[in-house]
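Undergrad: Have a look at this one.
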């Protein structure tokens, strides 16, 4: 794993508008972008032509349906060209280590791959998931930071080990549309949910940071065994304090849902999946009753059901929720398209 | 398998211009589209710009060369954007069952996949082949109908279990160009041909319906063992009657070809491949002499040789046919591009 | 393997501007194209719109990162549409043999595949690597010539068994930018380098031809065991003579690098990998010290380090070279984009 600094890759240090996590946005930019996404959704011109002639390079080191099609669509709506690469699928594996003697499987170093793609494109979107085994590297988002270090154009994180800023901005835009521009005092339950696999933390981390950034009152509801990373919880608390919101935790899903404006469902493996995968699997299997039901949604203040998708029906959430009146997950997915148009315009300095 | 109604998914019932089979077109639309395809082939502007700003989402659950590149090209010629997804290849498997508890391999339900793609695109093109094992589901075209049920934008069938309307429209356009606008009384032999594999019926079903729809005199020539579905035969007969044509069958390929205007070659497994695969394989192997030869073509009225491609040379048809004066299969393939431009304009109400 | 003529597929014989190797360009075209590439690199408009409405079909029978994304980008910059196909990946295998009875795995003959794609596109770019086992066929570039034979639009070679003209033109453009329009008398060492695999010869063959075509003094430095094809060496010698340059060989890498303007590093298996793979592997392993080092670069006249990429760090060349002041490999890769814009404009008669 390459050594990485813990300093944020922000506008000021590199002059490149990398978007690696939502913290890379200033408060003013954050508010401008969530509002811009709402405007884009209503824009009948679809933003046509505002980025004509620009080129976006997309690199997916992991599978994607929504992110790929929405990012390709966002580029197209703005009049930009895109190229989509899937290393290992019609391409080849990459070497990440600094100083590696490349006599193994990897045919190309990330330095050259990203260096070259930076010559062909005006921005790069990159998906590179968590290792799932190296907790320190994952919490530092070592891989996406390595990519940003070698890029000479802005890098947009399309989901990394620890963050998914495109999802975060989309979620903020949906919340803005549904609950109003001032989200202070609105309540969201980030509820852990059952799943057959131990899932990574990029989305729950980002949902938590997003709600905190919006000044909302966030309750992280999860079994005792499935806490989120304590440093991330402390950071989110600090952000929420500054924005007039709050972060609390609960192991009582029913109580947490009471009068909530939003139930944001997501499964995650948590730190325990790194420390003791067997114990994590047992604990996860023991909490199948954390599935989101209409009975739970009935406790809310006519709350919105959110999920980043893909969602496993009748495991994570019931058909009755997904097909019922609280469901906001398709609107949420649609906002990916619009939020990413706002984001590309930001990255390219077009507004 | 989801329950499906047998009612057509037509304009009138859903207000969406789904194209699941050629029967979804009214007579007037059918004639307008085949003529429009002929005009498109001659159009030096290539239709540029008439669908500018629109977006087409393509989903291939099975391999494709011609359909993919011709559909991407059709969209591009019209100025529309496209995104192409291949689930399972850089994406993930889908769940189809209503009410399924999704604790297995499938990570996403078709409801969400199609629901989301409907938000990103103005039409969806979907390829999903026959199961090859569930005859009832395949004859009902259950999967493509499920997709149409969950879509909120028009769905274009890029070959399903039972139908291939893009191929049908392209074939009708080629026939119109070669034999004239009034196809009544023209004769076509839909001839079964040998093949190392038991092939699905979407193309022969559609070729039969297309010729019947055009009022042609169709002879389905095939070994005793390889009849097409009897309900489909009856439907085609009824359509042909209404249009001034006819549908007959023959087990004598030579006699059928006599004075024909067209020999449309295609292999298929037929209902027997569902009932008794071993018997079907033996019967198929016993009829290698149904290969299309120049001697057969010499019996025709200078007939055109048609095949949807890919074609196995010297198994389905001889080199002498494919490289000879009767060959129309490349023109036929080219018409995919032009017919699909006409079809997209129809789906989007652009003419 | 299809029979192939040894005559070049040039403008004059077919009226199609195929680009199968750099020898397909006349002297005047070659000079115009390398200059045009340099202009394209500086062009802030990116060539937008000069090929609007045209369509480029890309077929990759082997993996690609740079070629694919740079060719897609070149098309996009010119306003052209592209479709990218990867047979075998979401498509199917092809039959190449004339007269084959296609009862095996291949579902489509190259005649139909290329015949159809010629109907959909205004040019085809095709990558099809060496067999690595049939030396005669590889030296004749039998596969790419078969494709050109069946195409009715220009074919651009995106790396075949024996040639990589896009790379050659890009390299010539970089050399022109760095060393001046008149390259006569400039010296380049084409240095063999270590590698864990026996690599094909398309790139070293083309680098040699390119330098000879530019009238440079080329030294092919390589171990005794890893000579290039003798016929190709003789051809390059003849071209160099005509252009005022020279071709020599050396088994002393240090001596060859003395006062060189360029070190072009590349590994290759050579004819020996066809004749005796075991002996080739042993010889290759014995020459790990041919790795390009800063000590070697220090012998040059502040020479440029070139490599076509992907490059294995610390096997082919040291980090100190790739990250140091002599490195030109990223500029070289960038020129792919610009050279291919010039090349597409040539193929389409746009300048």
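Residue numbers (my numbering), protein chains in the order written: chain A, 1 to 351; chain B, 1001 to 1351; chain C, 2001 to 2351.
The beta carbon of each residue, even a glycine, is placed where N, CA and C say it ideally should be.
Note that the coordinates shown come from a computational prediction; the quantities given were computed from them, not determined experimentally.
What does residue 1073 of chain B touch in chain F if you count any residue whose Cβ is under 9 Å from its own?
TA: In the structure shown, chain F does not exist; the protein chains are A, B and C.
Undergrad: For residue 2186 of chain C, which residues in the same chain have their Cβ closer than 6 Å to its Cβ, ignoring the five residues on either side in sequence?
TA: Residue 2186 of chain C sits at position 186 when you count from the first residue of the third chain. Closer than 6 Å at Cβ, skipping near neighbours: 2179, 2216 and 2261.
Undergrad: Over what stretch of residues does the beta strand (DSSP E) that includes residue 217 of chain A continue unbroken?
TA: On the first chain, residue 217 of chain A is found 217 positions in, with the first residue counted as 1. From DSSP, the beta strand (DSSP E) with residue 217 of chain A extends over 217 to 221.
Undergrad: State buried or exposed for residue 1093 of chain B, treating a residue as buried only when at least 16 other CB atoms are found within 10 Å of its CB.
TA: By one-based count along the second chain, residue 1093 of chain B stands at place 93. Result: exposed.
Undergrad: Can you look up residue 2077 of chain C in the DSSP assignment and give me helix, strand or coil?
TA: Position 77 of the third chain holds residue 2077 of chain C. Here residue 2077 of chain C sits in helix by DSSP.
Undergrad: Below 9 Å between beta carbons: does that hold for residue 2263 of chain C and residue 2218 of chain C?
TA: Translated into positions along the third chain, residue 2263 of chain C becomes position 263. Translated into positions along the third chain, residue 2218 of chain C becomes position 218. Cβ distance not < 9 Å, so residue 2263 of chain C and residue 2218 of chain C don't count as in contact.
Undergrad: According to DSSP, is residue 2192 of chain C part of a helix, a strand, or is it coil?
TA: Reading the third chain from its first residue, position 192 is the one you call residue 2192 of chain C. Strand at residue 2192 of chain C.
Undergrad: Is residue 2279 of chain C buried or exposed, if buried means 16 or more other CB atoms sit within 10 Å of its CB?
TA: Here residue 2279 of chain C corresponds to residue number 279 of the third chain, with the count starting at 1. Answer is exposed; the Cβ neighbour count stays below 16.
Undergrad: Tell me whether residue 2427 of chain C sits in a helix, a strand or coil according to DSSP, three-state version.
TA: As shown, chain C starts at 2001 and ends at 2351. That puts residue 2427 of chain C outside it, with no answer to give.
Undergrad: Going by DSSP, name the residue or residues bridged to residue 2019 of chain C.
TA: Within the third chain, the letter at position 19 stands for residue 2019 of chain C. Per DSSP, C:2156.
Undergrad: Can you pull the chain B residues whose beta carbon is under 7 Å from the beta carbon of residue 2116 of chain C, in chain order?
TA: Sequence index remark: in the third chain, residue 2116 of chain C carries index 116 (1-based). The contacting residues are 1066, 1309, 1330 and 1333.
Undergrad: How long is the line joining the alpha carbons of residue 2068 of chain C and residue 2201 of chain C, rounded to whole angstroms?
TA: Here residue 2068 of chain C is taken as the residue at index 68 of the third chain, counted from 1. Here residue 2201 of chain C is taken as the residue at index 201 of the third chain, counted from 1. Computed Cα separation, rounded: 20 Å.
Undergrad: Can you tell me whether residue 954 of chain B is buried or exposed? The criterion is at least 16 other CB atoms within 10 Å of its CB, across all chains shown.
TA: In the structure as shown, chain B begins at 1001 and stops at 1351. Residue 954 of chain B is therefore absent and cannot be evaluated.
Undergrad: Taking the straight line between their C-alpha atoms, what separation do you get for residue 1119 of chain B and residue 2294 of chain C?
TA: The residue given as residue 1119 of chain B occupies position 119 in the second chain. The residue given as residue 2294 of chain C occupies position 294 in the third chain. Taking the straight line from one Cα to the other gives about 55 Å.
Undergrad: Would you say residue 1344 of chain B faces chain A, with C-beta separation under 9 Å as the test?
TA: For the purposes of this step, residue 1344 of chain B is taken as the residue at position 344 of the second chain. No, its Cβ sits nowhere closer than 9 Å to a Cβ of chain A.
Undergrad: Check whether the Cβ of residue 1410 of chain B lies closer than 9 Å to any Cβ atom in chain A.
TA: Because chain B in this structure spans residues 1001 to 1351, residue 1410 of chain B falls outside the shown range and cannot be described.
Undergrad: Give a yes or no on whether 9 Å exceeds the smallest Cβ distance from residue 2313 of chain C to chain A.
TA: By one-based count along the third chain, residue 2313 of chain C stands at place 313. Chain A contact via Cβ: present.
Undergrad: Tell me which residues share the same chain as residue 2152 of chain C and place their Cβ nearer than 7 Å to its Cβ, disregarding the 5 neighbours each side in the sequence.
TA: Indexing the third chain from 1 puts residue 2152 of chain C at position 152. If we look at residue 2152 of chain C and ignore the five residues flanking it on each side, its Cβ neighbours are 2118.
Undergrad: Report yes or no: do three or more beta-carbon pairs, one from the stretch 2331 to 2349 of chain C and one from the stretch 2015 to 2031 of chain C, lie closer than 8 Å?
TA: The stretch 2331 to 2349 of chain C, when compared against the stretch 2015 to 2031 of chain C, does touch it at the 8 Å Cβ threshold.
Undergrad: Alpha carbon to alpha carbon, what distance is there between residue 1291 of chain B and residue 1314 of chain B?
TA: Residue mapping note: residue 1314 of chain B aligns to position 314 of the second chain, counting from 1. Residue mapping note: residue 1291 of chain B aligns to position 291 of the second chain, counting from 1. Spanning the two alpha carbons is a distance of roughly 7 Å.
Undergrad: Do you know offhand how far residue 58 of chain A's Cα is from residue 1245 of chain B's?
TA: For the purposes of this step, residue 58 of chain A is identified with residue 58 of the first chain, where counting begins at 1. For the purposes of this step, residue 1245 of chain B is identified with residue 245 of the second chain, where counting begins at 1. Residue 58 of chain A and residue 1245 of chain B: Cα-Cα distance of roughly 53 Å.
Undergrad: Quick one, which residues of the stretch 2147 to 2164 of chain C are near chain B if we go by CB-CB under 8 Å, in chain order?
TA: Those would be none; no residue qualifies.
Undergrad: Between the Cα of residue 2328 of chain C and those of C:2204, C:2251, C:2063 and C:2305, spot the shortest distance and give me the residue it belongs to.
TA: Your numbering for residue 2328 of chain C matches position 328 in the third chain. The shortest Cα separation from residue 2328 of chain C among C:2204, C:2251, C:2063 and C:2305 belongs to C:2305.
Undergrad: So for residue 2226 of chain C, helix, strand or coil by DSSP?
TA: One-based indexing of the third chain puts residue 2226 of chain C at position 226. DSSP places residue 2226 of chain C in helix when its eight states are reduced to three.
Undergrad: Residue 309 of chain A to residue 2131 of chain C, Cα distance in whole Å?
TA: Locating residue 309 of chain A in the first chain gives position 309, where the first residue counts as 1. Locating residue 2131 of chain C in the third chain gives position 131, where the first residue counts as 1. C-alpha separation (whole angstroms): 44 Å.
Undergrad: Please list, in chain order, the chain A residues whose beta carbon lies closer than 7 Å to that of residue 2046 of chain C.
TA: Here the question's residue 2046 of chain C lines up with position 46 in the third chain. Simply 53.
Undergrad: Following the continuous beta strand (DSSP E) through residue 55 of chain A, name the residue where it begins and the one where it ends.
TA: Reading the first chain from its first residue, position 55 is the one you call residue 55 of chain A. Residues 55 to 60.
Undergrad: One question on the structure: do residue 56 of chain A and residue 37 of chain A come within less than 9 Å of each other, judged by their Cβ atoms?
TA: Within the first chain, numbered from 1, the residue matching residue 56 of chain A stands at position 56. Within the first chain, numbered from 1, the residue matching residue 37 of chain A stands at position 37. Cβ atoms of residue 56 of chain A and residue 37 of chain A: not closer than 9 Å.
Undergrad: By Cβ distance below 7 Å, which residues in the same chain neighbour residue 1077 of chain B in space, the five residues on each side in sequence not counted?
TA: Here residue 1077 of chain B refers to the residue found at position 77 of the second chain. Cβ neighbours of residue 1077 of chain B beyond the five flanking positions: 1046, 1047, 1048 and 1341.
Undergrad: Between residue 1181 of chain B and the rest of its own chain, which residues show a CB-CB distance below 8 Å, the 5 nearest in sequence each way excluded?
TA: Here residue 1181 of chain B refers to the residue found at position 181 of the second chain. Answer for residue 1181 of chain B: 1035, listed in chain order.
Undergrad: Which residues does DSSP list as the beta-bridge partners of residue 2072 of chain C?
TA: Indexing the third chain from 1 puts residue 2072 of chain C at position 72. DSSP, once it has assigned bridges, lists no residue as partnering residue 2072 of chain C.
Undergrad: What does DSSP give as the partner residues of residue 2095 of chain C in its beta bridges?
TA: Residue mapping note: residue 2095 of chain C aligns to position 95 of the third chain, counting from 1. Answer is C:2109, bridged to residue 2095 of chain C.
Undergrad: Which residues does DSSP pair with residue 2255 of chain C in a beta bridge?
TA: Here residue 2255 of chain C is taken as the residue at index 255 of the third chain, counted from 1. Per DSSP, none; premise fails for residue 2255 of chain C.
Undergrad: Just to confirm, is the Cβ distance from residue 2203 of chain C to residue 2160 of chain C under 9 Å?
TA: In the third chain, counting from the first residue as 1, residue 2203 of chain C sits at position 203. In the third chain, counting from the first residue as 1, residue 2160 of chain C sits at position 160. Against a cut-off of 9 Å, the Cβ pair of residue 2160 of chain C and residue 2203 of chain C comes out as no contact.
Undergrad: Rounded C-beta distance between residue 2240 of chain C and residue 2212 of chain C? I'm assuming under 8 Å.
TA: As a position in the third chain, residue 2240 of chain C is number 240, starting the count at 1. As a position in the third chain, residue 2212 of chain C is number 212, starting the count at 1. Indeed, because the Cβ distance is near 4 Å, the residues count as touching under 8 Å.
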